[in-house]
């Protein structure tokens, strides 16, 4: 199952690291505890909508952009999962073959 | 503040109504209480990632598609908010004008 919070955490962490910001800096800016942000980045806690807005503000990134990145990451996982699903093998049924003959 | 849960609720409701499904049908399919789904659609409750995956399954819609629609809706609200923000008026400062003369 593709979980939103895990990929959201990945996107938020990538964005923060890309900006060269520490957890401590984002924590101070967003007024959210460092431990909580860390858990969100690791996909262990759900972020409330208010907290998500706050984090986006601290990362100076529109929420729409974060969600688009998450959507793209989810789409990749969905495609990978679809590829990994074995295609069911259809066996010819002896009776059907017999009746057709 | 643009809240994720409000626009997520809008997207999920539109999708359900577009498919001609009732809350009761989605509730039975997703194994989530009808009242809870209704609150999520109205943006009053946050959906956990597991619940969101379950709802997407019941709506036969990839999570990535739901998130892309939410991202688009959020982008529209962000643009509207940017337009509504008054541009600060810069007043000519008397001393600057005087010193330039």
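Chains as they are written, first to last, in my numbering: chain A, 1 to 101; chain B, 102 to 202.
Note that CB positions come from ideal geometry on N, CA and C, so glycine has one too.
(message) Using a Cβ-Cβ cutoff of less than 7 Å, which residues in the same chain neighbour residue 46 of chain A once the five nearest sequence positions on both sides are dropped?
(response) Locating residue 46 of chain A in the first chain gives position 46, counting from the first residue. Counting only Cβ-Cβ distances below 7 Å, and skipping sequence neighbours, we find 5.
(message) Suppose contacts are defined by Cβ-Cβ distances below 7 Å. Is residue 66 of chain A in contact with residue 2 of chain A by that definition?
(response) As a working mapping, residue 66 of chain A is identified with position 66 in the first chain. As a working mapping, residue 2 of chain A is identified with position 2 in the first chain. Their beta carbons are not under 7 Å apart, which means residue 66 of chain A does not touch residue 2 of chain A by this criterion.
(request) Would you mind stating whether residue 127 of chain B and residue 159 of chain B have Cβ atoms separated by less than 7 Å? (result) In the second chain, residue 127 of chain B corresponds to position 26, counting from 1. In the second chain, residue 159 of chain B corresponds to position 58, counting from 1. Remark: C-beta atoms of residue 127 of chain B and residue 159 of chain B approach each other more closely than 7 Å.
(request) Give me the Cβ distance between residue 169 of chain B and residue 71 of chain A, rounded to the nearest whole Å; I'm assuming they're in contact under 8 Å. (result) Counting from 1 along the second chain, the entry for residue 169 of chain B is found at position 68. Counting from 1 along the first chain, the entry for residue 71 of chain A is found at position 71. Correct: roughly 4 Å between the Cβ atoms.
(request) Hey, could you find the ends of the alpha helix (DSSP H) residue 47 of chain A is sitting in? (result) Within the first chain, numbered from 1, the residue matching residue 47 of chain A stands at position 47. Careful: residue 47 of chain A lies outside any alpha helix (DSSP H) and carries neither H nor E.
(request) Mind listing the chain B neighbours of residue 5 of chain A? Cutoff is C-beta to C-beta under 7 Å, in chain order. (result) One-based indexing of the first chain puts residue 5 of chain A at position 5. Within chain B, the residues near residue 5 of chain A are 150.
(message) To the nearest angstrom, how far is the alpha carbon of residue 156 of chain B from that of residue 64 of chain A?
(response) Residue mapping note: residue 156 of chain B aligns to position 55 of the second chain, counting from 1. Residue mapping note: residue 64 of chain A aligns to position 64 of the first chain, counting from 1. Going by the C-alpha atoms only, they are around 21 Å apart.
(message) Residues in the same chain with beta-carbon distance under 7 Å from residue 191 of chain B, minus the five sequence neighbours each way, listed in chain order, please.
(response) Translated into the one-based positions of the second chain, residue 191 of chain B becomes position 90. If we look at residue 191 of chain B and ignore the five residues flanking it on each side, it has no Cβ neighbours.
(request) Please determine, among A:41, A:36 and A:60, the residue with the shortest C-alpha to C-alpha distance to residue 19 of chain A. (result) Here residue 19 of chain A corresponds to residue number 19 of the first chain, with the count starting at 1. Per the Cα distances, A:60.
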